[in-house]
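Each residue of the sequence shown is one higher than the one before, counting from 507 in our numbering. We put the CB at the ideal spot given by N, CA and C, even for glycine. Heads up, the thing below is written out as structure tokens.
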Amino acid sequence: MDALAVLIPLMPLLAATVIGAGHLLGMIKGEASESFTALAATWAISMSCLLALTLLGADMMQKNTGKFELGLWLASDTLEIYCNVITSGFNVKLAALFALLLLIITRFSVNYMHREEGFHRFFFIFSLFSFAMLLLVLSGNALGAFFGWEIAGLCSYLLVAYAYDRPVAAVNATRIFITNRIGDAAFILGIGLSFLWTESLNWPDINAAIDDLDKSEAAAIGVCFALAAMVKSAQLPFSPWLARALEGPTPSSAAFYGAVMIHSGVYLMLLLEPLISQTPLVLGILAVSGAATAAYGYFGALTQTDIKSSFAFAKHGQLGLMFMECGLGFWQFASWHLCAHAVMRCYLVLSAPSFMHNVKGVPVNPVPAKFDNARWLFIASLQRFWVEPITDWALVKPVRQLARDLSYFDDNIVDRLMGVPAPALNAASSLAQLEERSLTPQLERAPDGFNTGAGIIAGLTERIAGFVHWFEDRLVLQGVGTDALDAGRKMGLLANRFETQVLRPRYLVLLVCITLLIAF
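Have a look at this one:
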């Protein structure tokens, strides 16, 4: 029975391969092929769901050994990574639940996406996402889980930008993708530290090594994985990306940000319970961040005027409570909370398109009386507590300035030391080049009703314009010698360099260097 766990994520991967290859080769296209694409995606996730439920039943009857190794994946010096999966415990229960919810969403999508231009593209990405999430949940080592973690993030980007011709969708998808890279970097760092100090990447080995690790080492590993979980589950200060993610189609919102992927961070914390429960620093971070996110979700939801935004802030509240429960040590309660919230949120998001019909005649619940006159709270909630502008000011702007400073250092110092010629665009053009560039389109333009006319006034205007052009061409441009042009070009280059050095924010680099010197 343990071997069934390998087939659970492979079924959606097979469907994604068939749909993607058929679409790429032109064998699957248009409305005529929708039935084949829908059948392939639905059949694959149905088989995964059936296998997951079978594995869960075997685990409940205590028939599983707890793990299954398919073989050696990677070996380098002392590093050995096996293709292994977990076949018992909370992982199997969550895999069965996620497979069932993904099956429901896939079946819902068949009708919802009917006659959409990107029908086949949607089911290709969604099947790939199903593979990634089931791999993430069942993988027995950190590298396999990270592989699923990354593919799920890529699929999220592609489906948020499903309507890629819309600027809002493209910008939101890019913003989400960049934000999640912070969590991915923390995940990679956690993997590196785990191998450095525990000499293993298997989840059970990392948890079992808590007795052999120093407090600082355990805290460092825990903080890295906690940061990755906070970004993935949209905890403060990374919360604003969740509202942007709802730009995608409703089925993808239900799977990614309602039932499945949004809970990945909570799952990661539950998976590392033995390690995190022994590190008070990580527990405190989870508790404080969870409480702040829950409050942010509750108050932010009070001023939302559309259903998807209301759901987004409701998710913030529930996910924040889950993190707070983990931080306070209520691990079992957090696992039940995750499963219950996944089921409920899946239903709510899928029913969002018919929300106005379902609530017709139902009165809106009033705001609590204690908040009736809190105008400052209303303004703050309406502005979503300025979390995104503050984050941009504190993180994005300094990083952008540092990137500009490093680019300036590379272009003006490193390139010159290495003898690399300056780009052609940095060479200032001469006055004659500028004049030629501005006059050529006018001289080559065909006559039209604007620059030609009849009558005394039109003729007089043409003669004056011709005389001015002759004067400028003969007496100004041709009268300026080569030496004067070279001198003007050099002065222009010098002025541009001076202006560039003055305007470049190099003070940030200086501050970073001073800080590092003080620290060391």
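Through-space distance from residue j to residue i, alpha-carbon basis
i, j, result
"L576", "P757", "33 angstroms"
"A934", "Y804", "Because the pLDDT of A934 is 39, which lies under 50, any placement of that residue in the model is unreliable, and the number read from its coordinates should be weighed accordingly. Taking the straight line joining both Cα atoms gives about 57 angstroms."
"G771", "N864", "32 angstroms"
"N617", "L856", "12 angstroms"
"P746", "P904", "19 angstroms"
"S860", "W703", "53 angstroms"
"Y670", "A676", "5 angstroms"
"N879", "I896", "26 angstroms"
"F625", "L606", "22 angstroms"
"E831", "A886", "27 angstroms"
"V643", "L600", "7 angstroms"
"S615", "F629", "9 angstroms"
"W882", "L888", "10 angstroms"
"Y763", "L748", "7 angstroms"
"F891", "I610", "35 angstroms"
"A751", "G696", "26 angstroms"
"I694", "K996", "49 angstroms"
"S783", "G835", "7 angstroms"
"L516", "F635", "12 angstroms"
"Q741", "G532", "42 angstroms"
"F637", "A558", "13 angstroms"
"E777", "A538", "Checking the displayed sequence, the identity of residue 777 turns out to be Leu instead of Glu. Roughly 44 angstroms between the two C-alpha positions."
"S528", "A521", "For the record, residue 528 in the displayed sequence is Gly; it is not Ser. Rounded to whole angstroms, G528 to A521 spans 11 angstroms at the Cα level."
"Q824", "Q810", "17 angstroms"
"N686", "L664", "14 angstroms"
"A846", "R910", "47 angstroms"
Reduced DSSP category for residue i - H, G, I as helix; E, B as strand; rest coil
i, result
"F819", "helix"
"S759", "helix"
"N708", "strand"
"N713", "helix"
"V865", "coil"
"L516", "helix"
"V591", "strand"
"N871", "coil"
"S645", "strand"
"V905", "helix"
"N879", "coil"
"M507", "coil"
"D671", "coil"
"V766", "coil"
"T685", "helix"
"T897", "helix"
"T680", "helix"
"S783", "coil"
"L888", "helix"
"L778", "coil"
Buried versus exposed, by CB contacts within 10 Å (16 or more), residue i
i, result
"T593", "buried"
"N708", "buried"
"K738", "buried"
"W899", "exposed"
"I525", "buried"
"S541", "exposed"
"G867", "exposed"
"A509", "exposed"
"R851", "buried"
"E753", "buried"
"N590", "buried"
"I970", "exposed"
"I919", "exposed"
"Y853", "exposed"
"T543", "buried"
"P755", "buried"
"G646", "buried"
"A511", "buried"
"V766", "buried"
"L699", "buried"
Near the ligand ADP: residue i beta-carbon under 7 angstroms from a heavy atom
i, result
"V849", "Of the ligands one can find in the structure shown there are none, so the ligand ADP has no counterpart to examine."
Practice prompt. Ignoring anything shorter than 3 residues or poking outside the region 519 to 589, list the beta strand (DSSP E) runs there in chain order.
Written response: 573 to 582
Worksheet item: What are the complete alpha helix (DSSP H) segments, minimum 4 residues, inside the region 718 to 753?
Response: 721 to 738 and 747 to 751
Worksheet item: Where are the alpha helix (DSSP H) runs, 4 residues long or more, that stay fully inside the region 799 to 860, in chain order?
Response: 813 to 834 and 837 to 856
Worksheet item: Is it a yes or a no for the region 715 to 724 touching the region 751 to 770, going by three-plus beta-carbon pairs under 8 angstroms?
Response: no
Fill in: Runs of alpha helix (DSSP H) lying entirely within the region 591 to 643, each at least 4 residues, in chain order
596 to 618
Item to complete: Could you tell me whether the region 774 to 790 touches the region 729 to 744, where touching means 3 or more Cβ pairs closer than 8 angstroms?
Response: yes
Practice prompt. Count the CB pairs spanning the region 652 to 669 and the region 577 to 586 that are closer than 8 angstroms, and state whether there are at least three.
Written response: no
Worksheet item: Pairing CB atoms from the region 681 to 692 with CB atoms from the region 550 to 569, are three or more of them under 8 angstroms?
Response: no
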